[in-house]
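UniProt numbering puts the first residue of the sequence shown at 1, with every later residue one more than the last.
Report on the following structure.
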Amino acid sequence: MASEAWISVISLQMPHLMPYLGGTLGIAIRRGEISGLRDFLLQIRPNLHHNNTHGNSMVNKFWEHTFQCSIAPRPEGWVEAGGELCTGLEVIENVETEFLDVSNIRLEYNVYKAVYALAYALDDILQCEPGRGPFSNNTCAHLQRLEPWQVRYQFTYNS
Numbered sequence: 001m002a003s004e005a006w007i008s009v010i011s012l013q014m015p016h017l018m019p020y021l022g023g024t025l026g027i028a029i030r031r032g033e034i035s036g037l038r039d040f041l042l043q044i045r046p047n048l049h050h051n052n053t054h055g056n057s058m059v060n061k062f063w064e065h066t067f068q069c070s071i072a073p074r075p076e077g078w079v080e081a082g083g084e085l086c087t088g089l090e091v092i093e094n095v096e097t098e099f100l101d102v103s104n105i106r107l108e109y110n111v112y113k114a115v116y117a118l119a120y121a122l123d124d125i126l127q128c129e130p131g132r133g134p135f136s137n138n139t140c141a142h143l144q145r146l147e148p149w150q151v152r153y154q155f156t157y158n159s
């Protein structure tokens with residue numbers, strides 16, 4: 001029995017490894033596709049008008065690392081040492097990085113599904129008509145006084 005890495009890595013699925021790995025039961029998290037995710041990621045740009053302590057610093061740091069450039073505030077001597085300044089116009093489509101590879105997302109896909117399930121459960125709670133609710137005396141849950149078991153009920157009721 002092995003983790004998902006054993007079952008999902010192509011390089012381990014070689015004939016010469018079969019005497020050792022053949023018959024291994026691999027347990028993998030379901031893979032899926034998040035429609036529009038890659039296009040969304042390709043549209044992200046750094047915020048050049050704030051330093052890294054404001055705005056979206058994670059995107060700025062990703063941008064600096066990916067393109068080996070600097071966004072304000074620039075390290076002392078950066079330009080003099082030949083360092084490039086980020087323009088925000090760098091072409092991200094031409095970059096091969098694991099952060100843009102959406103072909104084998106497993107954990108992210110399951111988080112995506114969980115967020116959608118929660119959103120649908122909350123929407124169902126909001127759409128409940130008094131007198132036609134799923135709880136005792138046909139009552140509805142109230143968002144302001146929502147109990148965890150009421151959300152869990154919506155998950156199990158709709159699945």
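Heads up, the beta-carbon is just placed ideally off N, CA and C, and yes, glycines get one too.
These numbers come from a predicted model, not from an experiment.
C-alpha gap between Gly133 and Val115, whole angstroms: To locate residue 133, count along the sequence shown from 1; it is residue 133. To locate residue 115, count along the sequence shown from 1; it is residue 115. Whole-angstrom Cα-Cα distance: 23 Å.
Counted within 10 angstroms of its Cβ, other Cβ atoms place residue 170 as buried (16 or more) or exposed: There is simply no residue 170 to check, as the chain begins at 1 and stops at 159 in what is shown.
Proximity below 7 Å, CB of residue 161 to CB of Leu42: Nothing can be reported for residue 161: it is not among the residues displayed for the chain, which extend from 1 to 159.
Where the alpha helix (DSSP H) through Asn110 begins and ends: Against the sequence shown, residue 110 aligns to sequence position 110. 107 to 127 is the span of the alpha helix (DSSP H), which, as asked, contains Asn110.
Given Leu85 as reference, the closest of Phe99, Glu98, His65 once Cα atoms are compared: Within the sequence shown, numbered from 1, the residue matching residue 85 stands at position 85. If we check each option's Cα against that of Leu85, His65 comes out closest.
Secondary structure of Thr139, DSSP reduced to three states: Against the sequence shown, residue 139 aligns to sequence position 139. It is a strand residue.
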